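Novice: Residue numbers (the working numbering): 905 to 1428. One structure, as structure tokens, below. Some questions next.
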């Protein structure tokens, strides 16, 4: 790196070497439908798997009430994001919002929390994909050797779908649209099948035996609502990734807000149908609430235990693939943006010379996610115990990172409204500061709820270790190597630079133009 540098508070900026941003190019391609599919696809696996553990945690009533609360939180959050993203149209997303609102440390903490969410979530989803693939092959062939082990399936899925992400933004977005529409079609087919075959039984919703002081609706009592909150989040987890596509969208100021809200509306509809119709078949809440593959069990309840159900379950992998694939996109862009600005090692942000995709970040995230899944796998006492433990522990780890980033983004929204009232806001949140405040408060409650299930506290400890390692790196090394990426230019100039990247270009501000107090930047 060149020697030209300047300290700004507790961090130091250096001028990027010649060709720095040219080696970190992205390409614009995404439009409204691609972005809608990206947001919905990232979440849709939550309707296939994961949400159901909330039934075991709080019963049907506990999960239903938790779901209403979490839906309110997501509307407040998504309206806030819909305002901030077109105003700060950078790949950094949440990190960019918090950087302009709270400085480098606030930006890094928010970006790291989101990184934790996006790296761990694919490990959660691929866990379900591996177990489901194992079950399908076993049901059809009876094979149960090493070649049909979840560990091998995980490696296969990572290699295939990281590879597609590396091929280019065009094929990535086309695949995203196709796989998301197919996933919604699978769910729609299941819902219709349940209703047409009259497999739904309302009494199954409340068949968990109540504990002392509980009822059939709330078998764990009011207290059961709180441990159900993290699993209700699974109905919407990762819809907030859309701002990460800002520098790859043709019209981010128009399309990202629309895609975010329409995507959330779509998810609310499917969450309601999933909660009622998947719970009300087969063994009901008592059985579905402890299942590693609830949709697979739902298909079995409707169509029987034969090969037909296995084939339907194979098709059902589409939903898991949709989320796995699109969240790989998310961790790639999140890691890329933090690396481009110097918060992470800068080699992670290098893009493919012809495909213009952050292939180093994509591969690095896959390695971390796969190793994480392996560690939890081999720490399990047995495969039977693992099916429940890996799901719960990893779910908590992903949600822990998510709720921290949610709180920080809501706080960023409030601070940006106060500190940068002059910046252009192509879209304004209809729920404003109060909506962000309510969403942030619910995020804090959800954070506390993570500690209420003792079985999965090791997963929470794992996220804390992840966080401490990241903070230690930034404190020792990263904060001395920051680069004036678009997110940093915007923050240091209070919005005068970095909002119109196609016209302004990259790297237009030098460190000599930075004021040392981080309160202003001279006009370039």
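Cβ atoms here follow ideal geometry from the backbone N, Cα and C, with glycine treated the same way. Since this is a predicted model, take the numbers as computed values, not measurements.
In angstroms with no decimal places, state the Cα-to-Cα distance between residue 1286 and residue 1034.
Specialist: Low confidence applies here, because residue 1286 scores a pLDDT of 47, under 50, leaving its location unreliable and the question unanswered by this model.
Novice: Beta-carbon within less than 6 Å of residue 1483's beta-carbon, same chain only, minus the 5 sequence neighbours each way: which residues are those?
Specialist: Since the displayed the chain opens at 905 and closes at 1428, residue 1483 lies outside it and no answer follows.
Novice: Quick check on DSSP: helix, strand or coil for residue 1418?
Specialist: strand
Novice: Return the CA-CA distance between residue 1120 and residue 1146, expressed in angstroms with no decimal places.
Specialist: Straight across, the Cα-Cα distance linking residue 1120 with residue 1146 is about 39 Å.
Novice: Whole angstroms is fine: what's the gap from residue 919's alpha carbon to residue 1271's?
Specialist: 31 Å
Novice: Determine the direct distance from the alpha carbon of residue 1165 to that of residue 1235, and round the result to whole angstroms.
Specialist: 22 Å
Novice: In three-state terms, what does DSSP make of residue 1285?
Specialist: For residue 1285, the pLDDT reaches just 45, beneath the cut-off of 50, and the residue's location in the model is therefore unreliable, leaving the point undetermined.
Novice: What residues in its chain sit with their C-beta under 6 Å from that of residue 871, if we drop five residues either side in the sequence?
Specialist: In the structure as shown, the chain begins at 905 and stops at 1428. Residue 871 is therefore absent and cannot be evaluated.
Novice: Is the distance from the Cβ of residue 1084 to the Cβ of residue 935 below 8 Å?
Specialist: no
Novice: For residue 1126, does the count of other Cβ atoms within 10 angstroms reach 16, so buried, or fall short, so exposed?
Specialist: It is exposed - the Cβ of residue 1126 has fewer than 16 other Cβ atoms within 10 Å.
Novice: Should residue 1404 go down as buried or exposed, given a rule of 16 or more other Cβ atoms within 10 Å for buried?
Specialist: exposed
Novice: As a quick exercise: from 1341, 1301, 1209, pick the residue whose alpha carbon is nearest that of residue 1044.
Specialist: 1209
Novice: Where does residue 1386 fall in DSSP's three states?
Specialist: strand
Novice: Identify every run of the alpha helix (DSSP H) within the segment 924-1004, keeping only runs that are complete inside it and at least 4 residues long; order them along the chain.
Specialist: 936-947, 957-991
Novice: If you draw a straight line from the alpha carbon of residue 1098 to that of residue 949, how long is it in whole angstroms?
Specialist: The straight-line gap from Cα to Cα measures roughly 19 Å.
Novice: Nearest-angstrom Cα distance between residue 938 and residue 1077?
Specialist: Distance between the alpha carbons of residue 938 and residue 1077 is about 6 Å.
Novice: Which two residues bound the contiguous alpha helix (DSSP H) that contains residue 1335?
Specialist: Segment: none, residue 1335 is in no alpha helix (DSSP H) and carries neither H nor E.
Novice: Thinking residue 1030 and residue 1282 are a contact (beta carbons under 8 Å), I'd like their distance in whole angstroms, please.
Specialist: In this structure residue 1030 does not touch residue 1282 by the C-beta definition: roughly 16 Å separates them, more than the 8 Å allowed.
Novice: Whose C-alpha, out of 1168, 1042, 1179, is nearest the C-alpha of residue 1110?
Specialist: 1179
Novice: Given a threshold of 16 other Cβ atoms within 10 Å of its Cβ, counted over all protein chains shown, does residue 1461 qualify as buried or as exposed?
Specialist: Since the first and last residues shown for the chain are 905 and 1428, residue 1461 lies out of range.
Novice: Between the Cα of residue 960 and those of 1016, 1133, 1018, 1054, spot the shortest distance and give me the residue it belongs to.
Specialist: 1133
Novice: First and last residue of the beta strand (DSSP E) that includes residue 1076?
Specialist: Taken as a continuous stretch (DSSP letters only), residue 1076 belongs to no beta strand (DSSP E), being part of the alpha helix (DSSP H) at 1073-1100.
Novice: What is the rounded straight-line gap between the Cα of residue 1171 and the Cα of residue 975?
Specialist: Using only the alpha carbons, I get a separation of about 10 Å.
Novice: Expressed to the nearest angstrom, what Euclidean distance is found between the alpha-carbon atoms of residue 1052 and residue 1039?
Specialist: 9 Å
Novice: Using only the alpha-carbon positions, how far apart do residue 1301 and residue 1065 sit?
Specialist: 22 Å
Novice: Quick one: Cα of residue 1158 to Cα of residue 951, how far?
Specialist: Rounded to the nearest angstrom, the two C-alpha atoms are 28 Å apart.
Novice: Closer than 7 Å by C-beta to residue 1106: which residues in its own chain qualify, once you throw out the five before and the five after it? Chain order, please.
Specialist: So the qualifying residues of the chain are 1184.
Novice: What are the boundary residues of the beta strand (DSSP E) that residue 1157 is part of?
Specialist: No beta strand (DSSP E) holds residue 1157; the alpha helix (DSSP H) holding it covers 1156-1183.
Novice: Do residue 1224 and residue 1027 have their CB atoms nearer than 8 Å?
Specialist: no
Novice: Between residue 1251 and residue 929, what straight-line distance do the alpha-carbon atoms span, to the nearest angstrom?
Specialist: 13 Å
Novice: Can you tell me whether DSSP reads residue 912 as helix, strand or coil?
Specialist: strand
Novice: Taking the C-alpha atoms as reference points, what is the distance between residue 1256 and residue 1273?
Specialist: 22 Å
Novice: Evaluate residue 1091 with the Cβ neighbour count: other Cβ atoms within 10 Å of its Cβ, from every protein chain shown; 16 or more gives buried, anything less gives exposed.
Specialist: Classification of residue 1091: buried, given that the 10 Å Cβ count is 16 or more.
Novice: How many Å lie between residue 1144 and residue 1216 at the Cα?
Specialist: Rounded to the nearest angstrom, the gap between the Cα atoms of residue 1144 and residue 1216 is 30 Å.
Novice: Per DSSP, what kind of secondary structure is residue 1240 in: helix, strand or coil?
Specialist: The three-state reading of DSSP puts residue 1240 in helix, counting H, G and I together.
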